[in-house]
Amino acid sequence: MNVTDSLTVARLRLVGITIGVLAVLGAVLSGIFDVDLSRLITRGFVTRSLEMATPITLAAIGGLYAEKSGVFNIGLEGFMIFGAFTTAGTMFALGGTSPTQGDVWVAILVAIVVSTLLTAVFAVLLIRYKADQIVAGLAVWFVGLGFAPFVAALVWGSRSSPGLTSIDKLAFGQSPLVFLTIVVVGVAWVFLFRTRYGYWVQAAGENPEALDTAGVDVNRVRYATVIFSGAMAGFGGAVLLAHAGNFVGTGSTMVDGRGWIAIVAYLFGNYNPVGAAAAALLFGALDMLNVQFQTVGIEISARLVNLLPYVAVLVVLTAYGKTRIPAVVGEPYETEE
Amino acid sequence: MSDSEAASNGGGVLDAVAARLLDASVLERIGIAVASTTLAILIGLVVAAATGYDPVQFASQLLVGAFGSERAIARTLRSTTLFVLTGVAVAIAFRAGVFNIGVQGQFVVGGFSTVVSIIWLAAFVPSGTVGGIVLMLSGTAAGVVTGGLYGALPGVMKAYGDANEIITTIMLNFIATGFVGWLVAGPFGDPEATATRTRRLPDNVELPQAVFGDPNLSIVGILLMLGVVALVAVITSRTRFGYDMVTSGYQDTAATYSGVDAKRMVISTMTFSGMVAGLTGALFVIMIQGYYTDPSGIGNYGFDAIAVSLLAANNPLGVLPAGLLFGGLESASSHVQINSDVPVQLIDGIVGLVVLFVAAPELFRMIAARTGLGGDAE
Amino acid sequence: MTRNAPAVRLEGITKRFGDVVANDAVDFTLDQGSIHALLGENGSGKTTLMSVLYGLYDQNSGTIHVDGEERTFESPRDAMDAGVGMIHQHFQLVKPMTVLQNVILGHEPTEGGTVDEASARAEIEDICDRYGFDIDRELDTPVEELDLGAQQRVEIVKSLYRGAEVLILDEPTAVLTPQEVDGLMEVMNDLREDGRSLIFISHKLDEALEIADDITVLRDGKAMGTVPAAETTESDLARMMVGREVLFDRLERDPGTGAPVLEVEDLRVSGDRGRERVEGVDLTVHEGEILGIAGVQGNGQSELIEGITGLRRPDDGIVRLGGTDIADRSRRDRIEDGIAYIPEDRQTEGLVQEYSLQRNALLGNQTIEPYAKNGFLDWDAVENHAADVIEEYDVQPPNPETDAESLSGGNQQKFIVGREIGHDPDVLVASHPTRGVDIGSIEFIHERLMELRDQGVGILMVSSKLEEIQKLSDRIAVMYEGEFVDVVDPEAVTESDLGLLMAGGTLAEGSDDESESVDGGVSS
């Protein structure tokens, strides 16, 4: 049995455990609180879960590309904050407190462009100046936590924005961004596993010398993936804002750890875009349980239920920590000389 | 051969000390720390200017706010105590190669359990100074133990579940904030208070003040800070445990070769680090707060501590000046908040930039080489 | 391009790294359709020279001609475009990717944006047919699941797929069994007959003589001359390589007459991926003897050593030191019990690179008096220890404040050997004690090991160098697929006997006079 097999077995086992735990939890809940499970899992719940999973998925896909190529972009959370804020700021600049749908789309695009530019600087620090990836990634988070509320305070006189507008639903009560994300997941999968560039990304993280001696510039591949990861995290932040409709900059901001959860999502998804999306959906659903509990009348503090995704992350990481990470993650690559 | 032999054998303690101080890498680290801070503050001033504020005025407000008056200095020292202690907590873990980002959470649960245990014990202990001392000691012990356990948890998850400690500790921060926030609002809330907080600590739980007449700064706190710094410095440089720890941080394979049990090391490092964070939480509630409130509003000491530690190159002694810098910034931001229109979040952003630059020493090496400041231009 | 021009001509190549001159005005000519061996000791500049040719390094001066045209190669890509391919000593393979993906990496045929695996497959199968490679059956297997010989064939196919006319093989035989070496020689022969030109880098005289048309010897970065293989001898070449007469002397042996100090019974140890790598080994090391373990790398030697030194917890079995079972004791306990260990990898295990030699002198001694008392360290005692080791073992530079990383490999190794022997051990476990070390240091380390043996210490040594095993061992155990195939007397076996055993074969006659583990466990 090879490594991939044993990992697959481990993952299947974990999925089994997860389903089992959820079943028991459901049974206990319906027993104690006397609720009908079918009322807990409603169409609205599925819609909200998908909506909540999209920002995590987008950031996770970015993050997995970077890590596959050998760079741990731990700054996803920070780039999501920048993405969310830029979207809100652009919406406000274009349409004040009542931006149009067109403004929303433009704002999302602007957010992606801004995140791309910011990540380009970050990528130069990581790759050209060999910055410590962990510390620099944390710094991006801190910078985001400081500057986004700072500019928000300049613009709105408060760390949060007033109500702007959220994106219109498309079909099945679902946001167009959800459909867009599904397309992104598919394209990301094909690109990574079926194109030459995808091969290069994988080789850059496993044996950069092999790629170098095959005549491909390793650092160019890494620049591309790191910048892509920041752009995707910024996109994720933008989507989060487009669904929420206003920016919250207090405490840990509206992103509130979703960038970190995105990292766990792609680890859990074994660096596979589809797996990462599935994991993100799990976390998104947990995030939305709060609303479900309220609608069916389960009296648990929202504050406690909101901790569920974080607890889930701990369980997932500990039960399934032994992901096979790319061999050279974190090591800068230098051609001999 | 004979020359260098004479040199290496003839050296005394003084030579060794001098050599260490002049050690290029130590000088270089100090240089990088100073350069990072300066650059970050400069960028902060540029941002202030770009957004329509007077950078000179902002800079002077930073200075005045940190050191401009006796009150400001007392306020600076108060924050410094917390930054140094949390900074040491981070440094312990980072030194051992373990990324404890969870000092904030350990600080929160430590402080909370100090409050809860003191309020609970107060019923059994006589009032008066002696009773107060008993309460403070046992409360501090509770804080240290809880912080240590909350630090040990991600250590165990890393050692036995291979769970990345960066992510688990960040999750545990969110959980600590949310859970303690719920406890403070609900089961442990003071029903008579309008704000969300626990009951106050009894009056006899109070530390003697320092020279400044600041009710929230005690000489005991400052001495505790210095004592912990000295203790950790001795442990890392003079004990077997410290050697094991630091060696694990530099090169875990070599540590294992030398007989260090890697799993146990991770757990003990995280516990040690969490204990110092819990101690800081205890000092925070006893010296400053006097009760516990919603932790989402108590300040990001545990996060800024990461910057403090990195700025100090994770050296416990270096944490002192780095902590003073951050204490000054924190103190200045409360001054800026009252006396200026500049949103104080700018200072948080500056802190982030400090960390970003500290992460990229190569940047400064190249700048130094270009400008000929660094000596050898290789 | 003229047909008669040499395939490759290097003129006056000089390459410096800082102050070190790795290649000093080297001339080298590779004729079309020939095999040219590049001989030299480790560190003589062979690999550097070829890296210049392959575009990995820029030379400081000198010119490169390929097929009579002067070329400058900025990168390996340029070299490949000119038809030069290189098979590195450390394979440039992406382990989790399949054989096919590895072969086409960087040269993927595409169709409609995605990789066209079908056409790549056809082309690779063509190449395999032409040279009789078997890897076309494994095209969809991840490379990490192949053995080293097969991985090497993947590397060769990769170069051919990229259209290499000139192939550089960097120490290709280092990781192979003698039988696999024969297979490689055949492949090289076929390639030559097909008109391709090969550069064969080696430090093994016999191999160069066997396969090459011409031989160029490098020493200290200088070319010592080029000779036709047919007109030279091993001793001539050896003199050119080393610069003086080389004595292939054998030292007097003292086969295990002392009391047993280290006894291992039915030891079972698992590797990193949970697979059992040591499958029931028995061995005994006596006082005053060296037991050498021969074997192709990756047959469980590392796991065996780690099971004995305590770096890996054995699954089952007994490890007895001076009569007491220590199989359940920790690494630290075993250090205190008196097992010294020269580790397999000095860079990652034996030394902390960023520590000074002084701090490194404490590594492994943290709990031992006089360096530590009640948990506190005595740095003066440590410094004295470091100074002693540096002086006694002639470590350069002789300064305890120097960081380990700035020392050469030989000096690092001497420091480790000195530190470990300084423990005054009962048993010394030495894993590849002279790997990557210069000749002078090798002789020095060998002498120290012999001295230690004469003092009555039991030594267990693993090495992939047969000459080292044969020179030092009092008895030789051969390990294959997690088991001891045989324990033999070094005087009674030849190198090819050992090669046969290392490949899992058995010797026809019972030349194994004293056997502890002759279960001949060869099922294949």
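Protein chains in written order, with this note's numbering: chain X, 1 to 337; chain V, 1 to 378; chain G, 1 to 524. Cβ atoms here follow ideal geometry from the backbone N, Cα and C, with glycine treated the same way. Since the structure is predicted, the reported quantities are computational estimates derived from the model, not experimental observations.
1) Return helix, strand or coil for residue 247/G, following the three-state DSSP convention.
2) For a contact meaning CB atoms closer than 7 Å, what does residue 352/X contact in chain V?
3) How should residue 433/G be labelled, buried or exposed, when 16 other C-beta atoms within 10 angstroms of its C-beta is the threshold for buried?
4) Quick one: does residue 187/G have its CB under 8 Å from some CB of chain V?
5) Between which two residues does the beta strand (DSSP E) carrying residue 118/X extend?
6) So residue 199/X contacts chain G; which residues on that side make the cut at Cβ distance below 9 Å?
7) Within the 8 Å Cβ cut-off, does residue 352/G reach chain V?
8) Measuring alpha carbon to alpha carbon, tell me which residue in 174/X, 165/X, 294/X is nearest residue 100/X.
9) Check this for me: beta carbons of residue 89/V and residue 256/V, under 8 Å apart or not?
10) Is the separation between the beta-carbon of residue 239/X and that of residue 313/X shorter than 8 Å?
11) So which residues on chain X does residue 349/V lean against when the C-beta distance must stay under 7 Å?
12) Under 7 Å Cβ-Cβ, which residues of chain G neighbour residue 258/V?
13) By DSSP's criteria, residue 340/V is part of a beta bridge. Which residues make up the other side?
14) Go ahead and label residue 250/X buried or exposed: buried means 16 or more other beta carbons lie within 10 angstroms of its beta carbon, across all protein chains shown.
15) Residue 233/X: buried (16+ other C-beta within 10 angstroms of its C-beta) or exposed?
16) Answer yes or no: does any C-beta atom of chain G fall closer than 8 Å to that of residue 254/V?
17) If you count every other CB in all the chains shown that lies within 10 Å of the CB of residue 361/V, and 16 or more means buried, which is it?
18) From the beta carbon of residue 216/X, is the nearest beta carbon of chain G less than 8 Å away?
19) Report all residues from its chain with a CB closer than 6 Å to the CB of residue 35/V; omit the five preceding and five following residues, and keep chain order.
20) Quick one: list the residues of chain X neighbouring residue 178/V, beta-carbon separation under 9 Å, in chain order.
21) Does any residue of chain X have a CB that is nearer than 8 Å to the CB of residue 368/V?
22) If you measure beta-carbon to beta-carbon, which residues of the stretch 228-250 of chain V are closer than 7 Å to chain G?
23) The alpha helix (DSSP H) with residue 230/G in it runs from where to where?
24) At which residues does the beta strand (DSSP E) containing residue 591/G begin and terminate?
25) With 9 Å as the C-beta to C-beta threshold (strictly closer), list the residues of the stretch 163-192 of chain V near chain X in chain order.
26) How would you label residue 57/V, buried or exposed, when you count the other beta carbons within 10 angstroms and need 16 or more for buried?
27) Can you give, in chain order, each stretch of the alpha helix (DSSP H) that sits fully within the stretch 131-190 of chain V and has at least 4 residues?
28) Pull the bridge partners of residue 260/G from the DSSP assignment, please.
29) Round the Cβ separation of residue 98/X and residue 285/X to the nearest angstrom and send it over; I've been treating them as touching at under 8 Å.
30) According to DSSP, residue 201/G sits in a beta bridge with which residue or residues?
31) May I have the straight-line CA-CA distance separating residue 347/V from residue 54/G, to the nearest angstrom?
32) For residue 207/X, would you say it is in contact with chain G, using Cβ-to-Cβ distances shorter than 8 Å as the test?
33) Distance check for residue 64/V and residue 388/G, CA to CA, integer angstroms please.
34) Looking at the structure shown, is residue 17/G part of a helix, part of a strand, or coil, going by DSSP?
35) Listed in chain order, which residues of the stretch 65-80 of chain G have Cβ atoms closer than 7 Å to some Cβ of chain X?
36) Where does residue 392/G fall in DSSP's three states?
The answer reads as follows:
1) Interpretation of residue 247/G is limited by its pLDDT of 48, a score under 50 that renders its predicted location unreliable; the figure taken from the coordinates is listed afterwards. Correct three-state label for residue 247/G: coil.
2) Nothing about residue 352/X can be reported from this structure: the residues present for chain X run from 1 to 337 only.
3) It is buried - the Cβ of residue 433/G has at least 16 other Cβ atoms within 10 Å.
4) No, no contact with chain V.
5) Counting along the chain, residue 118/X falls outside any beta strand (DSSP E), though it belongs to the alpha helix (DSSP H) covering 101-123.
6) Contact annotation for residue 199/X against chain G: 94, 97, 101, 104, 105, 106, 108, 115 [CB-CB distance below 9 Å, chain order].
7) Yes - at least one Cβ of chain V is within 8 Å of the one on residue 352/G.
8) Comparing Cα positions, the closest option is 165/X.
9) Going by C-beta atoms, residue 89/V is not nearer than 8 Å to residue 256/V.
10) No Cβ-Cβ contact shorter than 8 Å links residue 239/X with residue 313/X.
11) In chain order: 143, 146, 147, 150.
12) Those are 363, 364, 366, listed as they occur along chain G.
13) In DSSP, residue 340/V forms no bridge with anything.
14) Label assigned to residue 250/X: exposed.
15) By the 10 Å Cβ count, residue 233/X comes out buried.
16) Yes, residue 254/V lies at the interface with chain G (some Cβ there is under 8 Å from its Cβ).
17) With 16 or more other Cβ atoms inside 10 Å of its own Cβ, residue 361/V counts as buried.
18) Interface residue, yes.
19) So the list reads 364, once near-sequence residues are dropped.
20) What residue 178/V touches in chain X: 303, 304, 306, 307, 310.
21) Interface with chain X (8 Å Cβ-Cβ cutoff): residue 368/V is excluded.
22) Taking 7 Å as the Cβ-Cβ cut-off against chain G, the residues of the stretch 228-250 of chain V that qualify are 238, 239, 240, 241, 243, 244, 247, 250.
23) Careful: residue 230/G lies outside any alpha helix (DSSP H) and carries neither H nor E.
24) Because chain G spans 1 through 524 in this model, residue 591/G falls outside it and cannot be assessed.
25) Cβ contacts with chain X come from 163, 164, 166, 167, 168, 170, 171, 172, 173, 174, 175, 177, 178, 179, 181, 182, 185, 186.
26) Of the other Cβ atoms in all chains shown, fewer than 16 fall within 10 Å of the Cβ of residue 57/V; this residue is therefore exposed.
27) As far as the stretch 131-190 of chain V is concerned, its whole alpha helix (DSSP H) runs of at least 4 residues are 165-185.
28) Residue pairing of residue 260/G in beta bridges, as defined by DSSP: 286/G.
29) Between residue 285/X and residue 98/X the Cβ distance is about 32 Å, and since that is not below 8 Å, they are no contact.
30) The beta-bridge partner set that DSSP reports for residue 201/G consists of 38/G, 170/G.
31) Taking the straight line joining both Cα atoms gives about 52 Å.
32) True, the Cβ-Cβ gap to chain G drops below 8 Å.
33) Cα-Cα distance, rounded: 57 Å.
34) DSSP places residue 17/G within a strand segment (E or B) once states are collapsed to three.
35) So the close ones are 75, 76, 77, 80.
36) In the three-state DSSP reduction, residue 392/G falls in the helix class (H, G or I).
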